[in-house]
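Colleague:
Below, the structure is given as C-alpha cells:
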C-alpha cells in the first residue's frame, strides 16, 4: 500500500504542479495582454499628439507666410510714402523757385500812349498805329 500511496502522492503532486504552472502561464498571458493594451493606448495617444503637432505646425507656417506677406506690403507702403514725400518736397521746391522767378520778372505796367494819326503818302490822315507788342 505504501507504494500505491507514494505513486498516488507523486501523481497528485505532479497534477498540483501542472495546475500551478497552468495558473502561472495564464497570469503571464493576462499580464502580457494588459501590457500590450497599455502600449497600444500609448501609441494611439502619441499618434494623436503627432497629428495635433502637425496641424499646429501647418497653422504656424500659414501664419508665418501671412506675416511675411504683411511685412512685404508694409515695406512697399513705406517706400511709396518715402517716394511720395520726396516728390512732394521736390514739387514744393520747384513751385517756390517758379514763384520767386515770377516775382523777379514781374511785367512793368505801361500806360498806353495816345494814338497818333497816320498820314499816308498823299498827306491824308488814315488812322492810328496800334502797338501789338504786349
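In our numbering, the protein residues as written are 15 to 148. No residue lacks a Cβ here, since even glycine has one placed at the ideal position from N, Cα and C. Only a predicted model underlies this, so the values are computations on that prediction, with no experimental measurement involved.
Under three-state DSSP, which class holds residue 140?
Modeller: strand
Colleague: Report the rounded CA-to-CA distance for residue 96 versus residue 82, giving the unit in angstroms.
Modeller: 21 Å
Colleague: At the level of alpha carbons, what is the spacing between residue 80 and residue 98?
Modeller: When rounded, the distance between both Cα atoms is 27 Å.
Colleague: At the level of alpha carbons, what is the spacing between residue 67 and residue 73?
Modeller: Cα to Cα, residue 67 sits roughly 10 Å from residue 73.
Colleague: What do you get for residue 146, buried or exposed, if any count of 16 or more other CB atoms within 10 angstroms of its CB means buried?
Modeller: exposed
Colleague: Secondary structure at residue 146, three-state DSSP: helix, strand or coil?
Modeller: coil
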